[in-house]
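Student:
In my numbering, the protein residues as written are 1 to 253.
1) Assuming residue 221 contacts residue 83 (C-beta within less than 8 Å), just tell me the rounded distance between them.
2) In three-state terms, what does DSSP make of residue 203?
3) Thinking C-beta only, is residue 185 closer than 8 Å to residue 281?
4) Please check the pair residue 167 and residue 70, which I expect to be a contact at CB under 8 Å, by giving their CB distance rounded to whole angstroms.
5) Counting beta carbon pairs with one atom in the segment 206-220 and one in the segment 139-148, are three or more of them shorter than 8 Å?
6) Pairs of beta-carbons, one from the segment 99-115 and one from the segment 124-142, closer than 8 Å: are there three or more?
7) How about residue 10 and residue 53: are their beta carbons less than 8 Å apart?
8) Report all residues from its chain with a CB closer than 7 Å to the CB of residue 1; omit the five preceding and five following residues, and keep chain order.
9) What is the residue span of the alpha helix (DSSP H) that residue 85 lies within?
10) Could you check whether residue 20 and residue 163 sit closer than 8 Å to each other, using their CB atoms as the reference points?
11) Helix or strand or just coil, what does DSSP make of residue 109?
12) What ranges does the alpha helix (DSSP H) occupy inside the segment 121-187, keeping only unbroken runs of at least 4 residues that lie completely in it?
13) Along the chain, where does the alpha helix (DSSP H) that runs through residue 29 open and close?
14) Here's the rule: buried if 16 or more other CB atoms are within 10 angstroms of the residue's CB, otherwise exposed. What is residue 110?
15) Using a Cβ-Cβ cutoff of less than 6 Å, which residues in the same chain neighbour residue 89 once the five nearest sequence positions on both sides are dropped?
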C-alpha cells in the first residue's frame with residue numbers, strides 16, 4: 001500500500017497550509033493591526049478559493065485530461081508559493097489575495113488525490129482507503145495548531161515557511177512516486193455536459209445529499225477555523241494551551 005502512504009503524506013502536508021494562517025492569526029493580527037472581522041475574512045477566503053477552484057476544475061474536465069499526480073504537484077507547489085506570499089506582503093489585502101490563491105490551488109490537491117487513490121483499490125476497499133486519506137486530511141488541517149502551541153512564544157513566520165516548504169516537497173514526491181493504479185476509471189468527456197448537470201439538479205435524493213454535505217462542511221470548517229480562538233477567549237486557555245486543545249479537536253475529525 002505504498003501509494004496510500006505517499007498520498008496520505010502528500011495530503012497531510014498540503015492540507016496543513018489550509019489552516020496555517022488561522023493557527024497564527026492572533027500573531028498576524030498583532031503584527032498587521034488586523035481587526036477580528038478582517039481575520040475572519042482571511043480564514044474564509046481559502047474556502048471561497050477552494051470552492052471556485054473545484055468548480056472550475058470540474059467544469060473544464062481538468063482531472064480527466066491531466067494526470068492526477070501532476071495536478072497534485074502543481075496544486076501543492078502553487079499553494080505553497082501563495083502561502084509563502086504571506087512572508088512578502090505586509091497588510092490585509094495582500095494577505096487576502098494570498099489566502100484566496102491557496103484555496104484555488106488546494107482544489108487541485110484533495111479531489112484529484114481521492115480519484116488517484118481510488119484507482120489503487122477495488123470498489124469494495126475504496127471506503128477504507130479514502131477513510132485513511134481523510135484521516136490524513138484531518139491531521140494535516142490540525143498540524144498548524146500543534147506547531148503554534150509548541151512554539152507560541154516565537155514568530156509566526158517560521159510556521160508558515162516550514163509548512164509551505166513541506167507541502168511543496170510532498171507534491172513533488174507524489175508526482176514522482178504515484179502513478180494511476182490498476183483500477184483506473186474509464187475516460188470521460190473533457191467538456192461539461194449541461195444535460196447531465198440538469199439531471200442532478202432535478203434529482204431530489206442527490207440534491208438533498210449535496211445540501212446536507214454542504215451544511216456539514218460549513219459547520220465543520222467553522223469549528224476547525226475558530227476552535228483555538230473560542231477556547232482562548234471563552235475557556236480562558238493560555239496562548240500555548242488553546243492551539244494544543246484545538247489540535248486535538250481537529251485531529252479527531
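Yeah, the Cβ is synthetic: ideal placement off N, Cα and C, and Gly gets one too. The structure presented is a predicted model; accordingly, all values stated were derived computationally and were not measured.
Tutor: This is what the structure gives:
1) Contact between residue 221 and residue 83 does not hold, since the beta-carbon distance rounds to 17 Å and is not under 8 Å.
2) Coil, per DSSP.
3) Coverage of the chain is limited to positions 1 through 253, which leaves residue 281 absent and any answer about it impossible.
4) Residue 167 to residue 70, Cβ: 16 Å. No contact.
5) No: the two stretches stay apart, fewer than three of their Cβ pairs being nearer than 8 Å.
6) Touching, yes.
7) Contact annotation: residue 10 and residue 53 have beta-carbon atoms that are not nearer than 8 Å.
8) None.
9) Counting along the chain, residue 85 sits inside no alpha helix (DSSP H), nor does DSSP assign it H or E at all.
10) Judged by their CB atoms, residue 163 and residue 20 are nearer to each other than the 8 Å cut-off.
11) Coil.
12) Counting only runs of at least 4 residues, the segment 121-187 fully encloses the following alpha helix (DSSP H) elements, listed from N- to C-terminal order: 123-150 and 157-177.
13) Where residue 29 is concerned, the enclosing alpha helix (DSSP H) stretches over 25-32.
14) Label assigned to residue 110: buried.
15) If we look at residue 89 and ignore the five residues flanking it on each side, its Cβ neighbours are 95.
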